[in-house]
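Step one of this worksheet: look at the structure below.
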Amino acid sequence: MRSERTPLLAALALFAVAFVAAPAAAQDQDDSSDQNGPENENLPLPVDRTVPIDMTEGSWISLDVSPDGSTIVFDFLGDLFTVPLEGGDATQITNGMAFDAQPRFSPDGTRIVYTSDYDGGQNIWIMAVDGSDTTQISTGSSNRAESPDWMPGGEYVIASLGSFRGGGLPNLKMFHIDGGSGAELIDDEGGGNFKRIGAAVSPDGRWIWYARRSGDWQYNAQMPQYQLEAYDTESGQRYTRSSRYGSAVRPTLSPDGRWLVFGTRHESDTGLIIRDLETGDERWLAYPVQHDDQESRATLDVLPGMSFTPDSRYLVASYGGKIWKLPVEGGDAEEIPFRVQFDLTLGPRVEFEYPIEDTPTFTVRQIRDSAPSPDGTRIAFTALDRLWTADADGSSPARVTDSDMSEHFPVWSPDGRWLVYSTWDGEAGHLYKVASNGRGSPRRLTQDAGTYFQLAWGPGDRIVAIRGPVRPYVTQGEGGPPGREIVWVPADPDSDSGSGANLIAPTDGRSVPHFRDGSDRIHMFRSPDALVSIRWDGTDEKEIVKVRGPNTGGSSDATPSMIVMAPRGDQALAEIQRNIYTVTVPELGVAPTISVANPDRASFPARRLTDIGGEFPTWAADGRTVHWSLGNAWFSYDLDDARAFEDSLAAASEDEEDEEETGEEDEGDDEDEENQDEGDEDEEDAEYRAIETRVLIEAPRDLPEGTVVLRGARVITMNGDEVIENADILVEGARIAAVGPIGTTGAPDGTRVIDVGGMTVVPGFVDTHAHLRARDQLHRTDVWPYLANLAFGVTTTRDPQTGNTEVLSYADMVRTGAIIGPRVYSTGPGVFWQDGIDTEEEAMDVLRRYSDYFDTKTIKMYVAAARKGRQHIIAAARELGLMPTTEGSLNIKQNLTETIDGYPGLEHNIPIFPVYEDYVRLFVETGRVYTPTLLVTYGGPWSENYFYSRESPHEDEKLRRFVPRDEIDSRTLRRGQWFHKSQHTFTRHGEFVRDLVEAGGRAGVGSHGQMQGIGYHWELWAMASGGMDPHDALRMATLLGAEGLGLGSDLGSIEAGKLADLVVLAGNPLEDLRHTNSVEMVMLNGRLYDGDTLNEIYPRQRALAPLWWWNDDPAGVPGVNR
């Protein structure tokens, strides 16, 4: 037995101080009798629609029995209800947008404690049993409150409180109902990272039982996860009170103090154990019951709340969608019938249609690595992975070379005549020099191939760069390969020093080399937060300044992604959380640390230059202007102009104050006063903003020419239940002209006919959660994740959370045909809590990146805020025409509140099962698109482990053709975990997907990038494993996915006028869904490819260029004969 000591007396002493300091806190809190009515100023999202609910079953119902045994209080879809113990029609006692849950009666039965996000965070509240007289007990917008309970006297409540952002696991905290900030009962002084939830207090108040675990959650969890502990309020000691392999959770005590009931896992299901506390004997009380939530964050606790009747003879609990009364002495359970009838309030629906253009050209979405010329009249940059220049006003964009290599990181010579840049030709990288006016041929500066990043033109015409080895860059996925070095080469290839690279030093966490005027030292950013300088031999590193950003709820302040010294050496710029700052750099002899969390209060003058964010920041040559880009926009922020603007505002404000003091201001009439008020508001909002210039480049769109008929196949059109046997599909250019029985499409004479007799044609597959990470910074054209997915029939992808903006350029390259791959959509980088969104204005600023600059059509709201902030985000998205999706985050409470608020997408499965009509109806009515990504199942072992143990991907020849060998070997030869078939939960999660689609809801297939290509089919099969009809499964993989992305008018079905994205299958997936992986041919945008080789069949006959790993095996070399 483990024993730890935390005296309750000490905790209560601290608590008493807090209480005395704020004796009127409870009186100051909201005591409105209509706390949860439709209008709630704390939750800014208005009720937009209501849905009538009339149900007799529900999911994850937490309940309690009143002390007099007459009434049950329970939660249902975020509202609270009461029902007589014998059952009947339920009475609603809370309503509105707030999510209320986990109710518990007070010892005298007059009040109810519960959790609610009424104030915008998750907190503890108390109300009268009829829903009136509400009082907020805990406060804090970032709280995570769970499972409250009463102390026996009714003066204190105890609950688990943690932090919504950045950690802070739920721990037991006691509050007085009349006010105060409360006190934690247990302090992990010796360290540790423990979660304690589900408090249950003994009738005499001495013991507080709870479930304890290390950490918040674990992927592919191993049992046990939780055990019971009991806290002695007299001694402050804690005792471990269980040791079950299946864990022990949700302790519940009988009023007479004799019985303890808790949940535990047995085999694949959850049951209830009852323990006689007098003898220690245990036995099963019920099995199976509601499956527990111990393999996720358990934000509604690990099991729903349950309760004994006052006579301790029965346990009342919810499972199977119903409420049951279980006799303690054994025997059959008795159902307590209930019926809820109410109007469920919902936020606005956010749904848009995004037509896919097939015009001859399109506007390039991103310029990268932008650099101003020394005289400030021109800019050099990369667009479509090629080197360009333009005038400083964005006009006259033109390519500098006619090379077909990738070209990146341009730097100007001091006289502006030359540009040096980095290249990648598919096998190797080099540095080249070219005249900035584009005249003449580029000249190579490097002898040895490598990967060259982040160039700087230094004194003595020396080019400093970060160099990495070729093979790790080629073979590894995203991220920087190991072995990078700082090197220099002469800018003149004919110089006496030759063109070999000269080693300066290993990077050792340093990057972004640059120079300041009058100094021969190389300045660099050193991760995580320092600007340093070194000599040319790599020695004598000196710290110059450290910069830290705002703390947005994590354990430490945000750190920069780069710091760059100004040419004059008086300031530095820092990019932090995609915003650009400048700081004044003093010479102190030691490096100061400057926080820009609040630039007005920084230790030295600092300012934030951006409100919507920025990338690729750089200094102008004079050190007085900072430039950056965002999408295809180029920004210029003149520091002197900004200071002058601020000075003028300050002077105007002083003049106004002087006028007010001397009484010289005319009072004017009411209209004048109103106009004056408006002017005051304009002055308050006035601030200097960077000058924005758009660099608009029109690129040719890849459009096929010609007409073709695919003849003789079975066509599953997704136009309702339509299946056409022996069909013709007429394709003209990139679109479907007609589809129908053979000979009925009106194909012109001479049209090419491709025989697909005996095969089945379905619309191109849509992957709504595809992580297709391509090389960052130095781009490539052989993007194997694109190739693998296309070869396996995926013609449209959406990456929700790319981590960077490289995808904008890659997607444009696919549009031009320079890269072969599916349609590439994305959210761009996720919107995280680091964005610090707490207001409507902040939400609009952040989301404008995506609507106005990235043109993503969507965002990934990745746990960016508590409920109030999330509502600001969805409102901003609706105004800006964006369709957000969200991170599931193993958080069922968050999943439900986002659905109520109108978020149109959910990534990852809800962690609990089974669920019933209430959850299905909620998702159907809100139109939320559910992409469960069961390959990385939440609330159970990842289903990819199931497929790895039962399929043979290592021997799959097609997979080996399109996926590098190292990638396959690392995933298939040795895996760290194995799970018995009974432990997998994806089939149970699939039952919700089945019910959702059958009820008219939407779901999408998302492979999560787990095993590119074949992973899409594994995900589809896993989603359908809960008994889904094959046609529904195909509809989910095509039309429903397209509609969920706002692309349903152009994709997802085989109909005249839609884009020609088709998959030709050898087998019939209506007979066996596994035939989705019998891809014979793939048509993308009217181009037809062989499914095994990706050789283009129509309209061109073109073989796929060889991929590097095809000849990478150790063949033809000496070795041991075996």
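Numbering (our numbering), first residue to last: 61 to 1182.
Beta carbons are placed, not taken as given, at the ideal position from N, Cα and C, and that holds for glycine.
Coil, strand or helix - residue i by DSSP
{"i": "Leu699", "result": "helix"}
{"i": "Ser886", "result": "strand"}
{"i": "Tyr910", "result": "helix"}
{"i": "Gln507", "result": "coil"}
{"i": "Trp1170", "result": "helix"}
{"i": "Ser869", "result": "helix"}
{"i": "Tyr1008", "result": "helix"}
{"i": "Val980", "result": "helix"}
{"i": "Met1083", "result": "helix"}
{"i": "Glu487", "result": "coil"}
{"i": "Lys233", "result": "strand"}
{"i": "Tyr1076", "result": "helix"}
{"i": "Trp185", "result": "strand"}
{"i": "Asp91", "result": "Low per-residue confidence applies at Asp91: pLDDT is 42, beneath 50, and the placement is therefore not dependable, though the value from the model is reported in the following sentence. Reduced to three states, the DSSP call for Asp91 is coil."}
{"i": "Pro163", "result": "strand"}
{"i": "His1135", "result": "helix"}
{"i": "Leu345", "result": "strand"}
{"i": "Arg1062", "result": "strand"}
Burial state of residue i, where buried means 16 or more other Cβ atoms lie within 10 Å
{"i": "Arg1162", "result": "exposed"}
{"i": "Thr421", "result": "exposed"}
{"i": "Leu74", "result": "Here Leu74 scores only 36 on pLDDT, less than 50, and its place in the model is too uncertain to base an answer on."}
{"i": "Ser655", "result": "buried"}
{"i": "Gln1037", "result": "exposed"}
{"i": "Pro808", "result": "exposed"}
{"i": "Trp269", "result": "buried"}
{"i": "Val410", "result": "buried"}
{"i": "His1040", "result": "exposed"}
{"i": "Asp282", "result": "In the sequence as displayed, the identity of residue 282 is Gln instead of Asp. Under this definition Gln282 is an exposed residue."}
{"i": "Pro98", "result": "In this prediction, Pro98 has a pLDDT of 43, which is less than 50 and means its spatial position is unreliable; nothing more can be read from the coordinates."}
{"i": "Gly1106", "result": "buried"}
Contact under 8 Å by Cβ, residue i with residue j
{"i": "Ser1113", "j": "Thr805", "result": "no"}
{"i": "His326", "j": "Tyr299", "result": "no"}
{"i": "Gln637", "j": "Gly609", "result": "yes"}
{"i": "Ile934", "j": "Leu145", "result": "no"}
{"i": "Asn253", "j": "Gly275", "result": "yes"}
{"i": "Ala551", "j": "Ser473", "result": "yes"}
{"i": "Val471", "j": "Ala443", "result": "no"}
{"i": "Thr945", "j": "Thr887", "result": "yes"}
{"i": "Tyr174", "j": "Pro167", "result": "no"}
{"i": "Ile582", "j": "Ser571", "result": "no"}
{"i": "Ser314", "j": "Phe235", "result": "no"}
{"i": "Asp264", "j": "Gly317", "result": "yes"}
Endpoints, alpha helix (DSSP H) assigned at residue i
{"i": "Val1055", "result": "According to the sequence provided, residue 1055 is Asp. The question's Val does not apply to it. 1046 to 1058 is the extent of the alpha helix (DSSP H) around Asp1055."}
{"i": "Trp384", "result": "No alpha helix (DSSP H) holds Trp384; the beta strand (DSSP E) holding it covers 382 to 387."}
{"i": "Ser1030", "result": "1025 to 1032"}
{"i": "His1091", "result": "1090 to 1095"}
{"i": "Glu1017", "result": "1017 to 1022"}
{"i": "Thr535", "result": "530 to 535"}
{"i": "Glu939", "result": "927 to 940"}
Boundaries of the beta strand (DSSP E) in which residue i is found, first to last residue
{"i": "Asp429", "result": "428 to 432"}
{"i": "Pro974", "result": "Pro974 -> no beta strand (DSSP E), and no H or E assigned at all."}
{"i": "Gln287", "result": "287 to 292"}
{"i": "Leu1125", "result": "1122 to 1125"}
{"i": "His326", "result": "319 to 326"}
{"i": "Glu758", "result": "758 to 760"}
Review point. Do the segment 795 to 802 and the segment 1108 to 1125 meet, that is, are 3 or more Cβ pairs less than 8 Å apart?
Key: yes
Please determine if the segment 439 to 459 and the segment 860 to 874 are in contact, where contact requires at least 3 C-beta pairs separated by less than 8 Å. yes
Determine, using beta-carbon pairs with one atom in the segment 942 to 962 and one in the segment 386 to 395, whether at least three such pairs fall under 8 Å. no
Checklist line | Touch test, the segment 501 to 518 against the segment 456 to 469, Cβ-Cβ under 8 Å, three pairs minimum | finding: yes
Stretch pair the segment 1048 to 1068 + the segment 1015 to 1022: three plus CB contacts closer than 8 Å | no
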